[in-house]
Amino acid sequence: MKNSNGMKNPTDTVDPNENTTPRPKLETFDDVLPYVGDFGRYQWLLLLALLPYSVAYATLYFSQFFLTLVPQEHWCKIEELIPLNLTREERVKIGVPKSQNYPYYDQCHRRDLDFSVILSYGKDIRSVELKANKSVDCSHWEYNFTQIPYASIAAELDWVCDQEYLISTAQSIFFCGSIVGGLLFGWIADHRGRIPALILCNGIGFLASAATASANTFLSFAVCRFFTGLAFDNCINIPLIIVLEYMAVNRRTLVVNVAFGIYFAVGSTVLPWIAYYVANWKFFAYVSAIPMVSAFITPWILPESAR
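So the sequence shown is numbered by the numbering used here: it starts at 5 and just counts up by one.
Encoded structure:
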């Protein structure tokens, strides 16, 4: 019962039908989200929007391996024997010393013989008994492309034997770019917004991936892979954080599972077959840049961070 001032008398009993539960304080975005919808059609669309970024993440990670694959079977390329009507196996048998390890011929040395002089006698070299106690380092190589149906940049530039470390070095340089990109684009995301950071990092990744196709030295390849690495991790971490912010707390594990367990897995499964059928490392570099086109559609498929 109210008094003359319109206030309840302190002695009045509480109406049992009156809701006396205090309303929760809405202090953070997570507090507000359940009232506006935290797991509806909008969240499902955001989950679908993660697809191109997860595929780009898989492509960035695994493309490096297919760009630098080297067939296990490779031997010295002896220029004097190439014009002859010899099979690769015959050239190897004639010019390369044997080895106890697979593929049973030395991969880094050739017999120390002057084949131009031997061929000048006009005899069939297959019928000549050749003896050489010494071997010399290879200067060029030939490869068996039966299992790997294309010559990668590593095979074209002969990153084998004493140059084999260049493959691992290029991989390390790629991940150095990832470290720098994490610091750089993390700062941009915090101070300028996540969408600008995502567009910038994926745009750089797209250009650097495409530029990789024009690399013709280790230095040019390493520079391209460093800038490609800038987008690695950021290309998925930034959109993943955005989607998680708009998702119900108890559904956020679903987002991560779909992004990596489905989208990433699909990209990882398809990529080797693309490399196999493209069968050209330069074309593959262009193809691997395509998922990064997500940079240019980001403003239309993802919102800015709400925080």
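Don't be surprised by glycine CBs; every beta carbon is placed ideally from N, CA and C. No experiment lies behind these values; they were computed from the predicted model shown.
- In the displayed model, W163 falls within coil according to three-state DSSP, outside both helix and strand.
- The residue among L71, E93 and H195 with its C-alpha nearest the C-alpha of H78 is E93.
- According to DSSP, residue pairing for R45 in a beta bridge does not occur.
- Assigned with DSSP and collapsed to three states, V100 falls in coil, not helix or strand.
- Taking C-beta atoms under 8 Å as the contact rule, S298 and A60 qualify, at a distance of about 6 Å.
- R198 and Y250 have their C-alpha atoms some 14 Å from each other.
- For V140, the beta-bridge partners assigned by DSSP are R114.
- Annotated three-state conformation of Y154 is coil, per DSSP.
- In the three-state scheme derived from DSSP, where H, G and I count as helix and E and B as strand, E146 is classed as strand.
- From the listed residues R95, V96 and D141, the smallest Cα separation to D116 is found for D141.
- In the three-state reduction of the DSSP assignment, Y250 falls in the coil class.
- For S309, no alpha helix (DSSP H) encloses it, and the DSSP letter there is neither H nor E.
- Check the Cα spacing between L49 and each of L90, Q68 and V259: the tightest is with V259.
- Non-local C-beta neighbours of A283 in its own chain, meaning closer than 8 Å and more than five positions away in sequence, comprise P153 and Y154, ordered along the chain.
- Boundaries for Y108: no alpha helix (DSSP H) harbours it, and the DSSP string shows neither H nor E there.
- Taking 8 Å as the cut-off, the beta carbon of F189 is found no closer than this to the beta carbon of L211.
- Assignment of beta-bridge partners to W285 by DSSP yields no partner.
- Between A279 and F70, the gap from beta carbon to beta carbon is short of 8 Å.
- No residue range can be given for R255, since it is assigned to no alpha helix (DSSP H) and is classified by DSSP as neither H nor E.
- Judged by beta-carbon spacing, A53 lies beyond the 8 Å limit of I245, meaning their Cβ atoms are not closer than that value.
- Counting C-beta atoms within 10 angstroms of its own C-beta, S156 has 16 or more neighbours from the protein chains shown and is therefore classed as buried.
- Comparing C-alpha distances from H195 to each of L161, Q76, Q68 and E308 shows the shortest one belongs to E308.
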